[in-house]
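In the numbering used here, the protein residues as written are 2 to 307.
Heads up, the beta-carbon is just placed ideally off N, CA and C, and yes, glycines get one too.
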Ligand code: F6P
């Protein structure tokens, strides 16, 4: 997100605008935690994970009175437009804010889950996938050396995009995601077939939101079903940090730039995204009313590369 903030600040300044940063998301907006940002304030942040503006969940912003306080704060700084880096929850808040107070809003999709309709990729996804990929490669060494079955859990409370990409990228023996039905007996049978065929280790990649449960629950089910013991590795929040990949830095730079242009073109309320390499704009509400489908080719590879 730092690359996105940097791009928005510098694009805005190059267009003659004054740019402010809101600390701690909507909560900071309500508490008037708003600072002027100049070009040098965003120097040397492109390569850093997290966000210099910090982030927070805000219950108060879900209320009309909270949003009214936020609007008054923006007006006190003479701010006419808001760029929101976030996921569908943040975009819903932005839409309500626009509807009630007429403030121009543009969403820039940023979530490691990549589950936002209207953009091929969201900021953070590529970095999370590469971090998890590296971890699974390392787990694979132990799995192979000790002849073990490992179950690795990646993030994705409601979406399997990370698990699917990581599973394909690491050659996982099965990928368990909430979007497709997980068949425990079929997975257990496959693992037994592998053992019978002389394979001594396997790795399953599971999204934390799989309908059969988290990695520990899946390990128990596979043991109950086929008597197979496994080790569980939960990658957790390591996937949300670290220096961003080149792809994420470039994506965030494009989206920060595109968000300022969308504000200036009065395209609010909209979301900017990247589809087939091109910058696109969609009505903001599409981001949560439409459902992003899994990449069908990747989904097919799961079975074809078995
Ligand atoms: O950003 C979405 C997500 O990464 C989910 O995949 C995950 O379940 C959740 O965030 C974790 O959020 P928190 O930091 O609140 O535990």
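query = Looking at C-alpha atoms only, which residue of 190, 147, 205, 242 is the closest neighbour of residue 53?
reply = 242
ask   = How big is the Cα-Cα spacing for residue 142 and residue 176?
value = 19 Å
query = What did DSSP end up calling residue 158 once you bin it into helix, strand or coil?
reply = coil
inquiry  = Counting C-beta neighbours from all protein chains within 10 Å, is the total for residue 180 16 or more, i.e. buried, or is it exposed?
reply    = buried
key: As assigned by DSSP and simplified to three states, the class of residue 90   = Three-state DSSP puts residue 90 in a helix.
query = Any idea what DSSP makes of residue 145, helix, strand or coil?
reply = helix
ask   = Any idea if residue 28 is buried or exposed, counting beta-carbon neighbours within 10 angstroms, 16 or more meaning buried?
value = buried
task = Measure from the alpha carbon of residue 102 to the alpha carbon of each residue in 94, 40, 108, then state which is nearest.
result = 94
inquiry  = How far does the beta strand (DSSP E) with residue 22 in it extend, from its first residue to its last?
reply    = 21-23
ask   = Per DSSP, what kind of secondary structure is residue 284 in: helix, strand or coil?
value = strand
ask   = Across which residues does DSSP place residue 272 in a beta bridge pair?
value = 108, 283
request  = Would you mind sorting residue 273 into buried or exposed? The rule is 16 or more other CB atoms within 10 Å of its CB.
outcome  = buried
ask   = By a C-beta neighbour count over all protein chains shown, 10 Å radius and 16 as the cutoff for buried, is residue 306 buried or exposed?
value = exposed
inquiry  = Considering Cα atoms alone, identify which of 185, 15, 148, 303 is closest to residue 309.
reply    = Residue 309 lies beyond the range of the chain shown here (2 to 307); nothing can be said about it.
inquiry  = Helix, strand or coil, according to DSSP, for residue 203 in the structure here?
reply    = In this structure, residue 203 counts as strand in the three-state DSSP scheme.
message = The alpha helix (DSSP H) that contains residue 250, what's its start and end?
response = 247-265
request  = Answer yes or no: the CB of residue 127 versus the heavy atoms of ligand 1, is any distance below 7 Å?
outcome  = no
key: Beta-ladder partner(s) of residue 82, from DSSP   = 105
query = Just checking my contact of residue 104 with residue 134 at CB under 8 Å: how many whole Å lie between their CB atoms?
reply = Incorrect: roughly 40 Å between the Cβ atoms, too far for contact.
message = Just to check my reading of the structure: residue 261 and residue 13 have Cβ atoms closer than 8 Å, yes? What is that Cβ distance to the nearest angstrom?
response = 5 Å
query = Grouping DSSP H, G and I as helix and E and B as strand, with all else coil, what is residue 232?
reply = strand
query = Comparing the CB of residue 147 with every heavy atom of ligand 1, is any distance shorter than 7 Å?
reply = no
query = Can we count residue 200 as close to ligand 1, meaning its CB is less than 7 Å from some heavy atom?
reply = no
query = Skipping 5 residues on each side, what residues in its chain have a beta carbon closer than 6 Å to that of residue 10?
reply = 20, 38, 43
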